[in-house]
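Contents: one structure, followed by commentary.
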Amino acid sequence: MPAAPLTSPPPLPSFRGRIGGDASSGYYAVARRYRLHLSPSCPHSLRLAVAHSLLGLDDTLPVTLLPPVPDAPGGGHAVLRPLYEASSHRHPGPATAPVLSDEWTGRIVSTHAPDILRDMARHFGRDRRALWPRGAEAELDAVEHLCTYGVEEAAQSAGRAGAGAGERRTALARLLGTLRQWESRLGFHDFVLGDRLTVADVHVWVTLVQLDLVHRRHLDADAVHRIAAHPHLWAYARRLAAHPAFGRHLDLPGIARRHHARCQGLEAAGAAVQILDWAAHIADGTGRTSSLRRP
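Adding 104 to a residue's 1-based position in the sequence shown gives its number in the numbering used here.
Here it is in structure tokens:
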């Protein structure tokens, strides 16, 4: 009897709705129509939470906070399952965060964090043109690419237990090269794209949080010391941590719990070399320590 042909599993339904500027877009920008469901221990959710605060959207775009550690199979959140089922009958995948939902229909608009961030910055809130400056799309995309491939994926490869020595060296070199680029910029400017805070800083800051609190734990001590040897970059991370829009969302115990629940790698010597004392720099919410200017 011939063997049954191999077939690929059907792709999971994609939630990639976009918020437009008027009613013809289907999902148009109107206050309190949408809701964010976020777990700030997740870097995607943390970026959205920071941008939400910078845009002043508490009264415009409500947020439901989820537990730091997913409580359902596949990294999902049980509380999100009804929303996923309403949007995709018998949804086969996990009910993961972040989610942008439509309160009018009770369905999901998007689960794609970059799109959600773009739409928030373009259509809602105060100072949105400053956060997402017109004409800077190429620069913002380049920074996002560096965060993903130049730091996050490079750090994972550099700390992967099964990787060969050459692969780890190459990945570490790529990571350090990205950090040097940012170090050079921040030696002359307060922010990644110049002298005004933009969404690029949201991307970079969350990437640095993950690098220190998560990826560092799988690197050797020498690699961590080389990562830490970028004084302008880490001073910048401290300054942003002291701003309430950033620091208030930094759930240090939650990030640790999420990492321990998901991590399958081996802890390395770099785990003992903390780069920043994040808790010491988080603002108390009054704004007294929220200056973003370089000393």
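For glycine and all other residues, C-beta sits at the position ideal for the given N, C-alpha and C.
Buried or exposed: where does residue i fall if 16 or more other Cβ atoms within 10 Å of its Cβ makes it buried?
i	result
G254	buried
H193	exposed
I123	buried
D163	exposed
Y132	exposed
S118	exposed
A135	exposed
G270	exposed
D381	exposed
R273	exposed
E256	buried
R238	exposed
G121	buried
P357	exposed
H227	buried
For the candidate residues the options, whose alpha-carbon lies nearest to that of residue i?
i	options	result
A373	W338, A333, F350 and D326	D326
H336	A240, P177 and Q285	Q285
R313	H363, D206, E243 and L276	Before going further, note that residue 313 is Val rather than Arg in the sequence given. Minimum Cα distance to V313 is reached at H363.
L323	A259, H148 and Y132	A259
L375	R278, G263, V310 and T311	The question names Leu, but residue 375 is Ala in the sequence shown. Nearest option by C-alpha distance: G263.
L370	A267, A199, L279 and A201	A267
C367	S149, L165 and V173	V173
R361	I220, A269 and S145	S145
T215	S261, G298 and Y188	Y188
L296	V310, A277, V247 and A265	The question names Leu, but residue 296 in the sequence shown is Val. For the residues V310, A277, V247 and A265, the minimum Cα distance to V296 belongs to V247.
A199	A182, S191, A190 and V213	A182
L221	G281, L165, D316 and P196	L165
T282	D294, R300, T252 and A153	T252
H180	P196, V167 and A190	Reading the sequence as shown, one finds Gly at residue 180 and not His. Measuring from the Cα of G180, the nearest candidate turns out to be P196.
V308	R300, A341 and H156	A341
A240	I379, L159, D219 and G298	G298
Can you give me the start and stop residues for the alpha helix (DSSP H) that residue i sits inside?
i	result
R289	A269 to L290
S149	P147 to L158
H347	Element bounds for H347: n/a, residue is neither H nor E.
G358	L356 to R366
A373	From DSSP, A373 is part of no alpha helix (DSSP H); its letter is neither H nor E.
S261	E257 to A262
Y253	Taken as a continuous stretch (DSSP letters only), Y253 belongs to no alpha helix (DSSP H), as it is neither H nor E.
Since residue i sits in a beta bridge, which residues does DSSP pair it with?
i	result
L142	L169
G124	Y132
F295	G298
V303	DSSP, once it has assigned bridges, lists no residue as partnering V303.
V203	H141
A176	G180
Could you please give the first and the last residue of the uninterrupted beta strand (DSSP E) stretch that includes residue i?
i	result
I212	R211 to S214
L380	Run containing L380: none; DSSP gives neither H nor E here.
Can you check whether the C-beta of residue i is within less than 8 Å of a C-beta belonging to chain D?
i	result
T168	Among the chains in the structure shown there is no chain D, since it carries only a single protein chain.
Discussion item. When you compare the segment 196-216 with the segment 226-241, are there three or more beta-carbon pairs, one atom per stretch, that lie closer than 8 Å?
Written reply: no
Worksheet entry | Inter-stretch contact (C-beta, 8 Å, three-pair minimum) for the segment 301-308 and the segment 352-360 | no
Practice prompt. Could you say if the segment 285-296 and the segment 330-350 meet the contact criterion of at least three C-beta pairs nearer than 8 Å?
Written response: yes
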